[in-house]
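Number of protein chains: 2
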Amino acid sequence: MNKVAVVGVHQTRFDEHWDKSLRDLAREASLGAISDAGLDNSDIKSLYVGNMSGGRFVGQEHIAALIADHAGMNPIPAVRCEAACASGALAFREAYLAVASGKYDIVMALGVEKMTDLKTQDVITSLMGAGDQEWEASIGLTFAGLYALMARAHMNKFGTTQEQLALVSVNNHKNAVGSPFAQFPFEITVKDVLASPIIADPLHLLDCSPISDGASAVILVTEKLAKTFAKPAWVLASEQATDTLALHDRKSLVEMLSTKIAAKKAYDEAGIQPKNIDVLEVHDCFSINEILCIEDLGFCEKGKGGAFVEAGKISKNGEIPVNTTGGLKAGGHPVGATGIRQIADLVKMIRGECYNRLSVNNGLALNIGGSGATANINILGRELKV
Amino acid sequence: MNKVAVVGVHQTRFDEHWDKSLRDLAREASLGAISDAGLDNSDIKSLYVGNMSGGRFVGQEHIAALIADHAGMNPIPAVRCEAACASGALAFREAYLAVASGKYDIVMALGVEKMTDLKTQDVITSLMGAGDQEWEASIGLTFAGLYALMARAHMNKFGTTQEQLALVSVNNHKNAVGSPFAQFPFEITVKDVLASPIIADPLHLLDCSPISDGASAVILVTEKLAKTFAKPAWVLASEQATDTLALHDRKSLVEMLSTKIAAKKAYDEAGIQPKNIDVLEVHDCFSINEILCIEDLGFCEKGKGGAFVEAGKISKNGEIPVNTTGGLKAGGHPVGATGIRQIADLVKMIRGECYNRLSVNNGLALNIGGSGATANINILGRELKV
Chain A
18 MNKVAVVGVH QTRFDEHWDK SLRDLAREAS LGAISDAGLD NSDIKSLYVG
68 NMSGGRFVGQ EHIAALIADH AGMNPIPAVR CEAACASGAL AFREAYLAVA
118 SGKYDIVMAL GVEKMTDLKT QDVITSLMGA GDQEWEASIG LTFAGLYALM
168 ARAHMNKFGT TQEQLALVSV NNHKNAVGSP FAQFPFEITV KDVLASPIIA
218 DPLHLLDCSP ISDGASAVIL VTEKLAKTFA KPAWVLASEQ ATDTLALHDR
268 KSLVEMLSTK IAAKKAYDEA GIQPKNIDVL EVHDCFSINE ILCIEDLGFC
318 EKGKGGAFVE AGKISKNGEI PVNTTGGLKA GGHPVGATGI RQIADLVKMI
368 RGECYNRLSV NNGLALNIGG SGATANINIL GRELKV
Chain E
18 MNKVAVVGVH QTRFDEHWDK SLRDLAREAS LGAISDAGLD NSDIKSLYVG
68 NMSGGRFVGQ EHIAALIADH AGMNPIPAVR CEAACASGAL AFREAYLAVA
118 SGKYDIVMAL GVEKMTDLKT QDVITSLMGA GDQEWEASIG LTFAGLYALM
168 ARAHMNKFGT TQEQLALVSV NNHKNAVGSP FAQFPFEITV KDVLASPIIA
218 DPLHLLDCSP ISDGASAVIL VTEKLAKTFA KPAWVLASEQ ATDTLALHDR
268 KSLVEMLSTK IAAKKAYDEA GIQPKNIDVL EVHDCFSINE ILCIEDLGFC
318 EKGKGGAFVE AGKISKNGEI PVNTTGGLKA GGHPVGATGI RQIADLVKMI
368 RGECYNRLSV NNGLALNIGG SGATANINIL GRELKV
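In order, the protein sequences belong to chains A and E.
Using the numbering used here, the letters of the first sequence correspond one by one to residues 18 to 403.
Using the numbering used here, the letters of the second sequence correspond one by one to residues 18 to 403.
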């Protein structure tokens with residue numbers, strides 16, 4: 018397989034975009050990434066789009082061809098990839114394989130979701146399409162409910178506290194301050210989280226990522242081309258794994274096997290260990306999930322994630338900075354766009370061009386679909402070898 | 018890029034399956050393909066699923082992980098690919114690239130759609146997600162309406178007749194007789210077509226493919242592995258192109274640029290010309306589209322497709338046998354499954370194991386999304402070189 022690097026990135030602000038449609042957001046992100054790379058629309062040879070539920074959110078399927086059209090890239094091949102909230106990273110990985118295969122030399126991976134056109138209740142119902150429709154959605158479970166079950170199990174088994182969960186959101190909000198792209202770029206306190214309404218016990222409103230509109234895009238190129246760019250960010254590993262769709266089919270509620278399997282493969286592929294990773298982007302759809310991510314990626318022992326967070330080890334100057342641009346919680350979570358946004362943020366930090374002023378040699382992004390039925394891990398670095 | 022072959026195929030009957038859910042159909046197709054290849058579930062390294070609109074048809078997204086789970090294939094990577102009615106061929110092409118890249122040696126491409134759980138009117142509304150939601154669906158256009166515009170333009174410009182359109186359906190129904198998989202395995206006459214209700218003038222009910230449930234699956238392997246199988250069918254070309262999503266944005270209503278562009282690339286890639294193709298599987302979602310496909314693939318001059326059909330050149334013993342197992346019209350059209358079914362049928366004919374008794378050296382499958390915004394062409398052959 019050929020080596021692949023990312024040479025262009027862009028995202029729209031993640032927000033409630035009442036004045037922009039799905040295609041507007043996608044066009045803004047795609048043209049921004051092309052411009053960032055110093056390329057032209059006509060240079061892009063293939064397009065991969067991560068989008069979870071355009072059909073239900075805005076009545077639009079066939080989204081990749083729509084974006085190729087609307088952003089002036091047709092007649093190139095255009096493929097929509099979907100695995101719920103991991104759709105973005107999936108699109109990235111397919112784009113990576115397309116370049117690694119030797120078929121294409123310049124490929125765009127784009128993520129987009131337009132969620133705020135529906136009533137909140139309908140968004141929540143649509144999002145349950147990521148879970149098991151026949152066995153979970155049909156009995157009234159929501160994603161807050163599924164993650165609440167995991168949170169409660171983690172609390173019961175390991176003594177994880179509500180304050181520790183809250184500190185995840187506190188950290189991510191703190192990191193979003195100053196971000197030009199974040200939906201909620203302001204600080205919150207533990208007290209704020211605990212005083213916010215309970216959505217699904219023990220998860221409060223401020224333990225939950227928001228409903229958002231937005232798009233993000235990155236451009237991947239071959240090794241040969243990458244060397245003509247000033248600051249390529251190399252793809253050191255791109256791995257993915259699945260687990261049962263329904264939470265009740267798993268042996269454990271307090272770990273995600275998909276993450277553990279994908280992580281092992283990714284570490285082997287990149288020749289790296291957690292201790293050598295500089296920065297993490299993980300999937301804090303709910304605060305408990307950031308704790309599960311940190312544990313399952315091997316950054317602390319299983320069950321110690323709450324204490325790890327409480328000890329400040331995930332802060333920007335901690336042992337392993339996590340979600341340093343706000344994560345899903347403060348940055349926003351237009352589901353299909355999130356996986357690409359995570360990667361775009363790693364690229365900016367590898368270049369030393371992120372608003373958060375972090376300059377790193379490498380970073381890992383973990384994008385999760387549903388309650389963990391899909392986990393997708395990408396490791397990027399400044400050099401081809403770590 | 019590595020060479021790739023198909024070594025296992027299976028499909029469910031395409032039908033109204035009141036007793037089977039989406040996951041049941043997908044499991045039946047996947048286990049059938051694994052069995053056909055003489056492999057075990059655990060041999061499959063990655064799964065690609067073509068599905069257009071599980072979210073709207075049955076409330077289920079995240080379908081690839083669901084199928085990996087339900088067919089006993091997790092924790093392998095699983096990716097849903099979508100481009101409306103071309104979703105199946107898209108999944109096949111991504112599976113092909115995954116094997117060609119060297120990343121995986123055995124990959125499954127599966128297509129599935131469960132459409133009959135909704136009322137017909139809701140299915141038709143959902144299918145319009147394949148068109149431009151803002152500019153076409155919003156004014157009440159349906160896909161029958163879009164193809165009726167193309168049919169009328171073709172009739173006005175080239176003198177194509179309603180009888181010629183009807184003969185497409187007559188041919189496809191004739192070919193479905195004896196099929197164990199077809200939804201409508203019986204003959205119809207031109208008179209039947211013309212006497213059937215008008216859906217969107219000039220298209221009658223029997224010019225239109227049906228609403229169906231079904232799944233189909235194929236298994237792709239590396240060249241090295243393929244040589245250990247008795248009758249591998251080699252992928253000689255896999256190409257795709259896009260056009261504007263909205264029909265009104267095109268210069269012509271009587272040709273599909275996406276097909277023409279993908280066809281040129283595919284012919285170049287395979288080193289083959291139309292005259293050397295033995296059999297065609299094309300996208301007869303509406304009778305007019307089979308005529309457009311034949312013309313745009315270069316099997317006859319533009320505008321002469323109606324006469325080509327009328328002269329019997331597409332019949333099983335004609336110049337170029339087309340849709341020899343019934344096509345979408347008589348075989349059924351569970352949208353995400355169709356592209357994989359086409360390829361599975363080519364493989365059976367290349368093996369000389371199809372119920373239609375055709376034994377061919379090669380074949381071409383053209384799967385189209387929407388009104389032509391996506392065209393995906395795969396050419397398969399008995400030998401690695403034509």
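Backbone N, C-alpha and C define an ideal beta-carbon position, used for all residues, glycine too.
Fair warning: this is a prediction, and the values are worked out from it, not measured in the lab.
For residue i versus residue j, is the C-beta distance shorter than 9 Å?
i	j	result
V296(A)	T341(A)	yes
I305(A)	L363(A)	no
C98(A)	R169(E)	no
K330(E)	C317(E)	yes
V235(E)	F74(E)	no
A390(A)	L39(E)	no
N192(A)	G344(A)	yes
G148(A)	F160(A)	yes
G71(A)	E78(A)	yes
L397(A)	V23(A)	yes
A43(E)	V129(E)	yes
G394(A)	Q257(A)	In the sequence as displayed, the identity of residue 394(A) is Ile instead of Gly. In this structure, Q257(A) lies closer than 9 Å to I394(A) by Cβ.
S63(E)	A100(E)	no
Residue i CB to nearest chain E CB: under 9 Å?
i	result
E272(A)	no
M69(A)	yes
G157(A)	no
R44(A)	no
L253(A)	no
L262(A)	yes
E318(A)	no
A232(A)	no
S143(A)	yes
A354(A)	no
R399(A)	no
Indicate whether at least one CB of chain A lies closer than 9 Å to the CB of residue i.
i	result
Q77(E)	yes
S59(E)	no
I415(E)	As shown, chain E starts at 18 and ends at 403. That puts residue 415(E) outside it, with no answer to give.
A115(E)	yes
I216(E)	no
L148(E)	The sequence as given places Gly at residue 148(E); Leu does not occur at that position. Yes, because at least one Cβ of chain A sits closer than 9 Å to the Cβ of G148(E).
T177(E)	no
M405(E)	In the structure displayed, chain E extends from 18 to 403; residue 405(E) sits before or after that span and is not available.
Assign residue i to one of three DSSP states: helix, strand, or coil.
i	result
I80(A)	helix
N189(E)	helix
M125(E)	strand
T142(A)	helix
H221(A)	strand
H300(A)	coil
R97(E)	strand
How many angstroms separate the CA atom of residue i from the CA atom of residue j?
i	j	result
R267(E)	K241(E)	44 Å
Y113(A)	V238(A)	9 Å
Q200(E)	F31(E)	5 Å
Q138(A)	I228(A)	11 Å
A46(E)	W251(A)	38 Å
A212(A)	L166(A)	20 Å
A361(A)	P249(E)	41 Å
C371(A)	K365(A)	5 Å
I385(A)	Q150(E)	29 Å
V210(E)	H350(E)	18 Å
A328(E)	L182(E)	13 Å
S233(E)	M69(E)	14 Å
G157(E)	E204(A)	47 Å
C225(E)	F303(E)	5 Å
T355(A)	N58(A)	23 Å
D41(E)	H87(E)	8 Å
What I want to know is whether the C-beta of residue i ends up closer than 8 Å to one or more non-hydrogen atoms of the ligand MG.
i	result
L39(A)	Of the ligands one can find in the structure shown there are none, so the ligand MG has no counterpart to examine.
For the stretch 86-106 of chain E, list every residue whose C-beta sits within 7 Å of some C-beta in chain A, in sequence order. D86, N91, P92, I93, P94, A95, V96, R97, C98, E99, A100 and A101
With 7 Å as the C-beta to C-beta threshold (strictly closer), list the residues of the stretch 118-135 of chain E near chain A in chain order. Considering only beta carbons, the part of the stretch 118-135 of chain E lying closer than 7 Å to chain A consists of S118, G119 and K120, in chain order.
Proximal residues, the stretch 325-346 of chain E versus chain A, C-beta separation under 9 Å: none
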